[in-house]
Amino acid sequence: MIDAAELDQVQADSAREIAACSELAELESLRISLLGKKGRLTVLMKGLKDVEPDKRKEVGAQLNAAKVGVEGKLAEKLQELQSEALNKRLASEAIDVTLPVRSPILNTGPGSLHPLTRVQEDLERIFETLGFSVVDGPELEQEYYNFDALNIPDSHPARDMQDTIWTKEGTLLRTQTSAIQVRALERLKPPLRIVAPGRCFRYERMDATHEHTFYQMEGMMVDRCVTVGNLIYFMKTLLREIFGSEQKIRLRPGYFPFVEPGFELDIWFQGRWLELLPCGLVHPKVLEYGGIDPKEWQGFAFGLGLSRLVMSRYQIDDIRHLQGCDLRFLQQFS
Ligand code: DAH
696 MIDAAELDQV QADSAREIAA CSELAELESL RISLLGKKGR LTVLMKGLKD
746 VEPDKRKEVG AQLNAAKVGV EGKLAEKLQE LQSEALNKRL ASEAIDVTLP
796 VRSPILNTGP GSLHPLTRVQ EDLERIFETL GFSVVDGPEL EQEYYNFDAL
846 NIPDSHPARD MQDTIWTKEG TLLRTQTSAI QVRALERLKP PLRIVAPGRC
896 FRYERMDATH EHTFYQMEGM MVDRCVTVGN LIYFMKTLLR EIFGSEQKIR
946 LRPGYFPFVE PGFELDIWFQ GRWLELLPCG LVHPKVLEYG GIDPKEWQGF
996 AFGLGLSRLV MSRYQIDDIR HLQGCDLRFL QQFS
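Below, the structure written as structure tokens:
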């Protein structure tokens, strides 16, 4: 049997409880306690089947009205609480554009120079005091400057020494800053002294000592009567400036098609020989490619492994750190 008093009671209770509700979660449990499977109103409605048939219609209508009433109040309250929650969130997340700016990028404080940039700038300064100018060349390079003009023709095995990244159009990502040599010769008249720092690329399997992207600094001096003696003098001066004291060096013969003779210059570093500076006297053919008469002018050239130098200077054990963009690594140099 459905007790009319009880229905009144449920309606009165629910109205009061809904009105007093202040949280969305609380409203939801209230809804369940009224209209859920075992809710008070649901239980009452289930009792309808026991009502005598001639009263069923009337009682049914009452129950339904009660249910619609409760549902309406719940919906109203739900909307009220939702808009309250939204307003609260808007207030707490509002951006005050008049506030002073916080430190940039993840609040890590001001940025600092990358170790590669530091070493590069140090070297540029050293070379400038020795009368060299800093020049630049493209990273996306023509085959001619990267290979042919450096006396490395198509069939030359030296091309295989440098796994090249080619573009569909037939240009390449320069594999060495030596590509700048003939560009500089074309543009500048001898006597000339240049250094050219830059990014180089090779199709490498990466590990602690190999990166597909790395940095070199090319150097070249062209003048009258340039000899191996001049080359050694400049290299020793450079190394003294970099390391702050006279360095023990050794020269080994090295093969590079664009120098003759060619050398590997090693330095004695932390108890072992470190291969640091390939160099040599500019090959007459390279001078000719640059439009310069090799009978009148000679030169030396070198290719400093900038990434490698940075690694030994800061005792970095993995070349991949240099371009890994890991702030924990970079912040050590701030
Ligand atoms: N470009 C050469 C390389 O990447 C390095 C090099 C060797 C540069 C001898 C030079 C040089 O200027 O004279 O392996």
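The numbering used here puts the first residue of the sequence shown at 696, with every later residue one more than the last. By construction, the Cβ of each residue, glycine as well, lies at the ideal position given by its N, Cα and C atoms.
Who pairs with residue i in a beta bridge, going by DSSP?
i: D918; result: Q993
i: T908; result: F896
i: C716; result: Answer is none; C716 lacks a bridge partner.
i: R945; result: D961
i: G975; result: G957, A996
i: S828; result: I889
i: I860; result: L868
i: D902; result: H905
i: E913; result: A891, G998
i: R967; result: F964
i: L835; result: L868
Just to confirm the assignment, what range does the alpha helix (DSSP H) spanning residue i have?
i: V765; result: 748-788
i: F938; result: 923-938
i: E983; result: 979-984
i: M740; result: 735-741
i: V796; result: Looking at the DSSP string, V796 is not in any alpha helix (DSSP H), and its letter there is neither H nor E.
i: L880; result: 875-882
i: R1015; result: Careful: R1015 lies outside any alpha helix (DSSP H) and carries neither H nor E.
i: N846; result: Careful: N846 lies outside any alpha helix (DSSP H) and carries neither H nor E.
i: E838; result: 838-841
i: F1024; result: 1022-1025
What whole-angstrom Cβ distance do residue i and residue j have, given they're in contact under 8 Å?
i: R947; j: F964; result: With a Cβ gap of about 15 Å, R947 and F964 do not count as contacting.
i: I987; j: S1002; result: Rounded, the Cβ-Cβ distance is 31 Å, inconsistent with contact.
i: V1005; j: P805; result: Not quite, the Cβ-Cβ distance comes to about 22 Å (not below 8 Å), so this is no contact.
i: F953; j: N846; result: 5 Å
i: L972; j: Q993; result: With 8 Å as the limit, L972 and Q993 do not qualify as a contact, their Cβ atoms being about 19 Å apart.
i: M912; j: R888; result: Between R888 and M912 the Cβ distance is about 13 Å, and since that is not below 8 Å, they are no contact.
i: V877; j: Y910; result: Going by Cβ atoms, the distance from V877 to Y910 rounds to 20 Å, so no, they are not a contact pair.
i: E834; j: L868; result: 6 Å
i: A879; j: V921; result: Not really, about 15 Å apart at Cβ, beyond 8 Å.
i: C974; j: L933; result: That pair is no contact at about 10 Å.
i: A874; j: G832; result: 6 Å
i: K768; j: A710; result: 6 Å
i: L729; j: V765; result: 6 Å
i: V754; j: L743; result: 6 Å
i: L825; j: F938; result: Between F938 and L825 the Cβ distance is about 16 Å, and since that is not below 8 Å, they are no contact.
i: R935; j: D961; result: So it is not a contact: roughly 16 Å between Cβ atoms.
i: F827; j: G914; result: 7 Å
i: T866; j: C895; result: At roughly 15 Å, the Cβ-Cβ gap does not stay under 8 Å, so T866 and C895 are not in contact.
Within 10 Å of its beta-carbon, does residue i have 16 or more other beta-carbons around it, so buried, or fewer, so exposed?
i: W861; result: exposed
i: Y898; result: exposed
i: N782; result: exposed
i: Y984; result: buried
i: H905; result: exposed
i: L739; result: buried
i: Q1027; result: exposed
i: C1020; result: exposed
i: L719; result: exposed
i: A756; result: exposed
i: G966; result: exposed
i: P892; result: buried
i: K772; result: buried
i: R726; result: buried
i: V796; result: exposed
i: E970; result: exposed
i: T793; result: exposed
i: L808; result: exposed
i: Q982; result: According to the sequence provided, residue 982 is Leu. The question's Gln does not apply to it. When all chains shown are included, L982 counts as buried.
i: E836; result: buried
i: G998; result: buried
i: Q777; result: exposed
i: G1000; result: buried
i: Q1010; result: exposed
I'd like the span of the beta strand (DSSP E) that includes residue i, first residue to last.
i: L960; result: 954-964
i: R1008; result: Counting along the chain, R1008 falls outside any beta strand (DSSP E), though it belongs to the alpha helix (DSSP H) covering 1001-1009.
Does any CB atom of chain D fall closer than 8 Å to the CB of residue i?
i: W968; result: In the structure shown, chain D does not exist; there is a single protein chain.
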